[in-house]
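Participant: Just so we're aligned: 26 in the numbering used here is position 21 of the sequence shown, and the numbers increase by one with no gaps anywhere.
From the three backbone atoms N, C-alpha and C, an ideal C-beta is built for every residue, glycine too.
From a predicted model like this one, the values you see are computed outputs, not experimental measurements.
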Amino acid sequence: MCRSIKTLRPPAIPDDATEEEIRAAALQYVRKVSGFHAPAAHNREVFERAVDSVAEATAELLDGLEVRGARAS
Numbered sequence: 006m007c008r009s010i011k012t013l014r015p016p017a018i019p020d021d022a023t024e025e026e027i028r029a030a031a032l033q034y035v036r037k038v039s040g041f042h043a044p045a046a047h048n049r050e051v052f053e054r055a056v057d058s059v060a061e062a063t064a065e066l067l068d069g070l071e072v073r074g075a076r077a078s
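(1) Quick check on I27: buried or exposed, where buried means 16 or more other Cβ atoms within 10 Å of its Cβ?
(2) Sorted by chain position, which residues of the same chain lie with C-beta nearer than 7 Å to P44's C-beta, five sequence neighbours on each side aside?
(3) Using the rule of at least 16 other Cβ atoms within 10 Å of the residue's Cβ for burial, across every protein chain shown, is V38 buried or exposed?
(4) For G69, report the span of its alpha helix (DSSP H) as first-last.
(5) Using a Cβ-Cβ cut-off of 6 Å (strictly less than) and excluding sequence neighbours within five positions of A60, which residues of its own chain qualify?
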């Protein structure tokens, strides 16, 4: 897995992940999977849609996780 993607849940981070942190992780994932740091113009739309989808799935995952021992919000 991409080593530059950091854990986005407590206790790895003290607060909820921001949209910016989630999008950065999604971008790193899509870059790793596609093998492109930046897509060519003809691939930009599909690349951005993938980043959006991964970010959305990540936010949904983080919202649904129950971390045992974490303080109640």
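Facilitator: According to the data block:
(1) Buried.
(2) F52
(3) V38 counts as exposed, since fewer than 16 other beta carbons sit within 10 angstroms of its beta carbon.
(4) R49 to G69
(5) I27, R28 and A31
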